[in-house]
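A.B. asks: Going by the working numbering, the residue at position 10 of the sequence shown is 10; the numbering climbs one at a time, nothing skipped. Positions of the beta carbon are idealized from the N, C-alpha and C atoms, including for glycine. Starting off with a structure, shown below.
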Amino acid sequence: MLAVLPVALADPGAFAEHVLLFPLGQGDTGSPAASPLPGHLLATYVPAGFALTVAALALSAVAVAVSLVTCPPRTTVAAADRLALGLGIAMCLIPATRFGYVVYPLVLLGWFRLVPTSRWWPVDRFPEGHRARLFTSVHRETTGG
1 MLAVLPVALA DPGAFAEHVL LFPLGQGDTG SPAASPLPGH LLATYVPAGF ALTVAALALS
61 AVAVAVSLVT CPPRTTVAAA DRLALGLGIA MCLIPATRFG YVVYPLVLLG WFRLVPTSRW
121 WPVDRFPEGH RARLFTSVHR ETTGG
């Protein structure tokens with residue numbers, strides 16, 4: 001969020017155009033993306049389909065956010081899985097999307113399984129408390145130490 005905020009504040013119109021309107025297929029520049037995924041099909045062929053698509057997209061975002069708050073992931077892999085699920089749902093529901101965008105959730109699913117957790121979250125950098133204990137236990141599980 002902090003990385004996006006300066007851009008949004010510098011030119012809110014351009015931010016809305018590129019981040020919100022273009023993926024929804026409502027921007028000034030049309031998108032050539034027209035993969036037959038549910039969001040595109042709903043928005044194109046169903047009466048009030050665009051509204052249904054946006055509602056489904058918002059509902060899925062809220063559901064993933066609620067799941068993160070009510071049942072937080074305990075490991076880096078679990079967090080990546082949850083984010084991949086949310087991103088995968090979004091890729092399917094965005095009206096202007098492509099099959100190729102599926103690579104992003106797939107990377108999240110695979111990357112943190114290929115690289116040991118301790119390389120991404122050094123346990124010695126966390127302050128004392130819950131997170132330090134959590135990642136210390138994960139570190140011990142992955143390294144045997």
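Let me make sure I understand the geometry here. Which of A90, A10, P73 has the alpha-carbon closest to that of P38?
C.D. replies: Measuring from the Cα of P38, the nearest candidate turns out to be A90.
A.B. asks: Quick one: what does DSSP say S35 is sitting in, helix, strand or coil?
C.D. replies: In this structure, S35 counts as coil in the three-state DSSP scheme.
A.B. asks: Please classify V97: does DSSP put it in a helix, a strand, or coil?
C.D. replies: What sits at residue 97 in the sequence shown is Thr, not Val. In this structure, T97 counts as coil in the three-state DSSP scheme.
A.B. asks: So, using beta-carbon positions, are A61 and F50 closer together than 7 Å?
C.D. replies: Contact: no.
A.B. asks: With a CB to CB cut of under 6 Å and the five nearest residues on each side skipped, what residues in its chain are close to L146?
C.D. replies: Here the chain has residues from 1 to 145 only, and residue 146 is not among them.
A.B. asks: Straight-line CA distance for V64 to P23?
C.D. replies: Looking at the two C-alpha atoms, the distance is approximately 19 Å.
A.B. asks: Would a C-beta distance cut-off of 7 Å place S105 and L93 closer than the cut-off?
C.D. replies: Looking at the sequence shown, residue 105 is not Ser but Pro. The answer is no: Cβ separation not under 7 Å.
A.B. asks: Rounded to the nearest angstrom, what separates L83 and Y101 at their Cα positions?
C.D. replies: Approximately 14 Å, taken between the alpha carbons.
A.B. asks: Quick one: grab the DSSP three-state call for V4.
C.D. replies: Note: V4 maps to coil in three-state DSSP.
A.B. asks: When you compare only the Cα positions, how much space is there between A56 and L114?
C.D. replies: Between A56 and L114, the C-alpha separation is close to 33 Å.
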